[in-house]
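Accompanying notes for the structure given below.
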Amino acid sequence: MIILNQRQIQQKIKRMAIEIFEAHADESSIVLAGINSKGLVLAHLIAQEIEQLSSLKATICNLSLNPAEPLKHPITLSLEHKLLKNKVMILVDDVLNTGRTMFFGFKPIMDVIPKKVEICVLIERMHKSFPIRADYVGMKLATTIKQNIEVYFDQSVALEVQLT
176 MIILNQRQIQ
186 QKIKRMAIEI
196 FEAHADESSI
206 VLAGINSKGL
216 VLAHLIAQEI
226 EQLSSLKATI
236 CNLSLNPAEP
246 LKHPITLSLE
256 HKLLKNKVMI
266 LVDDVLNTGR
276 TMFFGFKPIM
286 DVIPKKVEIC
296 VLIERMHKSF
306 PIRADYVGMK
316 LATTIKQNIE
326 VYFDQSVALE
336 VQLT
């Protein structure tokens, strides 16, 4: 079942970008850290919207981790740690479910002292196992644990969100 189509996703991205800009209008730049491939695509889309409506610069980096086995593989940021010092950093992902991926995503950030760390997700589900909440949310969904949410992208375009 399609939950969001391409137009609706674009509206959610634009709204999240406006909220991010409003919260950080006094900053000259922020860092958007996209988690793995889908979070990175979403971070790029949000950055494009932010830069269209403001002078706020959005630096993008990739936060890479293995959600299934986060302690067996390195968790890395594609940006030098010194560039994060005293910066607002927003972790970006397509879906926030239990909070596990986000929880482990904080690991490389512990080596620097950012000014602030926030979370932005397109879809937030209500099955938290970790004390993680999103600051910017496209849509909140109450689902059963057995249901799955999938965000489909075609290169740099979000196509749809499906509930299976």
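Residue numbers for the sequence shown follow my numbering, so the first one is 176 and each next one is one higher.
We put the CB at the ideal spot given by N, CA and C, even for glycine.
Residues in the same chain with beta-carbon distance under 6 Å from residue i, minus the five sequence neighbours each way, listed in chain order, please.
i	result
residue 205	199, 233 and 263
residue 202	263
residue 276	242
residue 215	209 and 237
residue 340	The displayed coordinates of the chain run from 176 to 339. Any statement about residue 340 would go beyond what the structure contains.
Would you list the residues sitting across from residue i in a DSSP beta bridge?
i	result
residue 291	263
residue 333	328
residue 300	316
residue 177	337
residue 268	296
Quick check on residue i: buried or exposed, where buried means 16 or more other Cβ atoms within 10 Å of its Cβ?
i	result
residue 297	buried
residue 182	exposed
residue 239	buried
residue 329	exposed
residue 283	buried
residue 251	exposed
residue 259	buried
residue 224	buried
residue 184	buried
residue 286	exposed
residue 267	buried
residue 332	exposed
residue 197	exposed
residue 288	exposed
Sorted by chain position, which residues of the same chain lie with C-beta nearer than 8 Å to residue i's C-beta, five sequence neighbours on each side aside?
i	result
residue 226	232 and 233
residue 322	338 and 339
If you draw a straight line from the alpha carbon of residue i to that of residue j, how long is it in whole angstroms?
i	j	result
residue 228	residue 193	8 Å
residue 220	residue 247	30 Å
residue 278	residue 294	11 Å
residue 235	residue 309	19 Å
residue 187	residue 313	5 Å
residue 195	residue 311	8 Å
residue 336	residue 179	5 Å
residue 209	residue 320	25 Å
residue 265	residue 191	12 Å
residue 257	residue 292	15 Å
residue 271	residue 176	19 Å
residue 324	residue 316	9 Å
residue 244	residue 299	22 Å
residue 213	residue 280	14 Å
Quick one: residues in its chain with C-beta nearer than 7 Å to the C-beta of residue i, no 5 flanking neighbours on either side, listed in chain order?
i	result
residue 303	273 and 274
What are the uninterrupted segments assigned as alpha helix (DSSP H) that are 4 or more residues long and contained completely in the stretch 194-265, given in chain order?
-> 211-228
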